[in-house]
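Protein chains: 2
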Amino acid sequence: MVVFRCGSKDVVTSMKPTIPDPNHDHRQCVDQAIAVANRICRQNKTRFTKLRRRVLELIWTSHEPVGAYGVLALMNAETEGNVAPMTVYRAIDFLIENRLVHRIASRNAYVGCSHPDSPHAGQLIICNDCGRVGEILEDTITKAVAAGAERVGFDGVSSVIEIQGRCHDCRELSDIHGNAGA
Amino acid sequence: MVVFRCGSKDVVTSMKPTIPDPNHDHRQCVDQAIAVANRICRQNKTRFTKLRRRVLELIWTSHEPVGAYGVLALMNAETEGNVAPMTVYRAIDFLIENRLVHRIASRNAYVGCSHPDSPHAGQLIICNDCGRVGEILEDTITKAVAAGAERVGFDGVSSVIEIQGRCHDCRELSDIHGNAGA
DNA sequence: ATTTTATTGTTATACTATAACATATTTATT
DNA sequence: AATAAATATGTTATAGTATAACAATAAAAT
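Chains as they are written, first to last, in our numbering: chain G, 1 to 182; chain S, 1 to 182.
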């Protein structure tokens with residue numbers, strides 16, 4: 001089973017979609033992310049401040065991962081202010097601790113989390129063509145990792161699982177245009 | 001099935017060991033790594049130069065991952081010379097391309113590969129206590145990832161799988177000393 | 001109101017990685 | 001062997017990522 005969130009609802013599917021449709025209403029993604037963040041932080045008794053909210057919104061600018069300095073640039077572009085890297089990193093750390101954002105270790109970049117409520121660590125799927133990132137919750141992967149870890153005597157396991165390839169949309173595009181296309 | 005290399009032989013086991021025993025003869029690990037590298041590079045028709053060999057040896061200093069600048073420091077400590085970062089990075093890139101070394105994305109560090117011949121990407125197990133890194137080849141994980149990727153329409157998949165926890169040795173130690181121990 | 005705790009501001013610096021071009025070495029070709 | 005082509009290394013500079021340390025502010029608890 002694949003769970004993925006698009007707009008205001010969870011989509012449960014056995015095949016598609018993974019990374020949101022290019023034509024989806026992205027404002028809904030952002031709105032929901034903020035709404036969920038508000039709730040999660042209330043639950044966690046942590047403070048979803050103006051700064052943290054702003055950083056989260058900027059990370060949710062798209063489904064492509066953003067670097068910390070990318071967020072910084074967006075902030076400084078908007079406000080003509082002079083935000084320091086430290087400020088951004090602290091906000092990102094907070095968001096990660098509250099599971100609202102994922103760090104993509106293989107890219108030194110960050111992406112909004114699609115299921116901050118889920119107790120499981122998801123798997124990130126990263127399209128090398130379009131650069132977008134999605135998140136899947138494959139029980140078989142989670143279980144296989146847990147079983148593998150246990151088998152070798154590993155305790156208290158957390159995992160970084162980043163799957164890189166070409167997404168469904170990009171594959172369709174390339175099928176249409178043919179392999180020899182520029 | 002878990003495959004792992006200790007000294008001069010492959011160990012196939014369903015439970016232990018994972019990260020080599022603390023008392024193992026590490027010189028054998030290094031010697032074998034160099035021997036294998038020689039063979040692999042001959043097969044690949046790439047040149048296993050003195051510099052590359054030296055960097056590989058330094059990465060194999062232990063089973064803990066080393067940063068590029070760590071290798072650099074070791075080199076400059078040994079020779080009183082003045083090696084530049086670029087030199088180390090180039091050697092590391094070569095070693096990675098020839099599958100003799102893994103990059104640990106979650107730590108910006110590098111570790112010798114235990115099975116450069118295997119066509120499969122392995123999974124790294126990283127002990128947060130002792131810092132050592134091992135490598136497992138869990139078919140169930142590989143297959144689950146491939147299946148998950150395919151299910152969501154992903155192509156040409158490569159994966160970063162880094163499992164973090166506490167290794168068998170460290171768990172035993174902590175069991176002996178009790179949980180309340182300092 | 002005051003103390004405590006958490007958040008943000010600010011400056012400086014550490015750590016990681018690559019670009020660009022020069023030189024040297026090895027391999028292939030004549 | 002001499003030359004050309006390809007590969008590897010040296011060198012300098014710089015880009016990109018992340019954190020330390022301390023000051024100032026704002027919110028929560030007593």
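Every residue, glycine too, gets a C-beta built ideally from N, C-alpha and C.
As the structure is a computational prediction, the values presented were derived from the model and not from experiment.
Is the Cβ of residue i closer than 8 Å to any Cβ of chain G?
| i | result |
| --- | --- |
| S:PHE48 | no |
| S:GLY165 | yes |
| S:GLN123 | yes |
| S:VAL3 | Note that S:VAL3 has pLDDT 49, beneath the 50 cutoff, so the model's placement of it is unreliable and the number below is only indicative. No, its Cβ sits nowhere closer than 8 Å to a Cβ of chain G. |
| S:ALA109 | no |
| S:VAL71 | no |
| S:ALA105 | yes |
| S:VAL12 | At S:VAL12 the pLDDT is 45, less than 50, meaning the model places this residue with poor confidence and gives no usable figure here. |
| S:SER159 | yes |
| S:GLU162 | yes |
| S:THR87 | no |
Going along chain S in order, which residues have a C-beta closer than 9 Å to the C-beta of residue i?
| i | result |
| --- | --- |
| G:ASP21 | Those do not exist, as G:ASP21 stays about 12 Å from chain S at its closest Cβ, beyond 9 Å. |
Ends of the beta strand (DSSP E) at residue i?
| i | result |
| --- | --- |
| G:SER158 | 155-166 |
| S:ARG103 | 101-104 |
| G:VAL197 | Chain G is shown from 1 up to 182; residue 197 of chain G falls before or after that span and cannot be answered. |
| G:ALA109 | 109-112 |
Nearest to residue i by alpha carbon, out of the options?
| i | options | result |
| --- | --- | --- |
| S:ASP31 | S:ASN44, S:TRP60 and S:GLY148 | S:TRP60 |
| S:ASN38 | S:SER174, S:ARG171, S:GLY70 and S:ARG53 | S:ARG53 |
| G:LEU124 | G:ASP155, G:PHE154, G:ALA146 and G:GLY165 | G:GLY165 |
| G:TYR110 | G:ASP129, G:ALA68 and G:HIS168 | G:ALA68 |
| G:ALA18 | G:VAL157, G:SER174, G:VAL133 and G:THR49 | For the record, residue 18 of chain G in the displayed sequence is Thr; it is not Ala. Per the Cα distances, G:VAL133. |
| G:ASP25 | G:LYS50, G:PHE48, G:SER62 and G:ASN44 | G:SER62 |
| G:ASN108 | G:GLY122, G:TYR89 and G:GLU97 | G:TYR89 |
| G:ILE126 | S:GLU138, S:ILE126 and S:SER158 | S:SER158 |
| S:ARG171 | G:PHE154, G:ASN82 and G:LEU173 | G:PHE154 |
| G:ALA33 | G:THR87, G:GLU80, G:ASP93 and G:VAL101 | G:VAL101 |
| G:GLU138 | S:ALA147, S:GLN43 and S:GLY131 | S:ALA147 |
Cβ closer than 8 Å: which chain G residues qualify as neighbours of residue i?
| i | result |
| --- | --- |
| S:SER62 | Within chain G, no residue comes near S:SER62; the closest Cβ sits about 19 Å away, beyond 8 Å. |
| S:ILE40 | The premise fails here: S:ILE40 is roughly 24 Å from chain G at the closest Cβ pair, so nothing lies under 8 Å. |
If residue i sits next to residue j, beta carbons under 8 Å apart, how far is it from one beta carbon to the other, in whole angstroms?
| i | j | result |
| --- | --- | --- |
| S:VAL55 | S:LEU95 | 7 Å |
| S:THR140 | G:ALA144 | 4 Å |
| G:ILE163 | S:ALA149 | 5 Å |
| G:CYS113 | G:ARG99 | 6 Å |
| G:ALA105 | G:VAL160 | 5 Å |
| G:PRO22 | G:ASP169 | 6 Å |
| G:ASP129 | G:CYS167 | 7 Å |
| G:ILE136 | G:GLY122 | 6 Å |
| S:LEU58 | S:LEU74 | 5 Å |
Under 8 Å, Cβ to Cβ, is there at least one residue of chain S near residue i?
| i | result |
| --- | --- |
| G:SER118 | no |
| G:ALA182 | Because the pLDDT at G:ALA182 is just 39, under 50, the model does not fix this residue reliably, and the value given afterwards should be weighed accordingly. No, no contact with chain S. |
| G:GLU80 | no |
| G:THR18 | yes |
Using a Cβ cut-off of 8 Å, pull out every chain S residue sitting near residue i, in sequence order please.
| i | result |
| --- | --- |
| G:ILE141 | ILE141, ALA144, VAL145 and GLY148 |
Note down, in chain order, every chain S residue with its Cβ under 7 Å from the Cβ of residue i.
| i | result |
| --- | --- |
| G:ASP155 | GLY165, ARG166 and ARG171 |
Which first and last residues belong to the alpha helix (DSSP H) in which residue i is found?
| i | result |
| --- | --- |
| S:GLY70 | 68-79 |
| G:ILE125 | Looking at the DSSP string, G:ILE125 is not in any alpha helix (DSSP H); the run it does join, the beta strand (DSSP E), is 123-127. |
| G:ALA33 | 26-44 |
| S:GLU150 | 139-151 |
| G:ASP117 | Per DSSP, G:ASP117 belongs to no alpha helix (DSSP H) and is neither H nor E. |
| S:ALA84 | Per DSSP, S:ALA84 belongs to no alpha helix (DSSP H) and is neither H nor E. |
| S:GLU57 | 50-59 |
At 9 Å on the CB atoms, spell out the chain G contacts of residue i, in chain order.
| i | result |
| --- | --- |
| S:ILE136 | GLY148, ALA149, ARG151 and VAL152 |
| S:ILE176 | Per Cβ cutoff of 9 Å: no residues; S:ILE176 is ~15 Å from chain G at best. |
| S:GLU97 | In chain order: nothing, as chain G lies at least about 17 Å away. |
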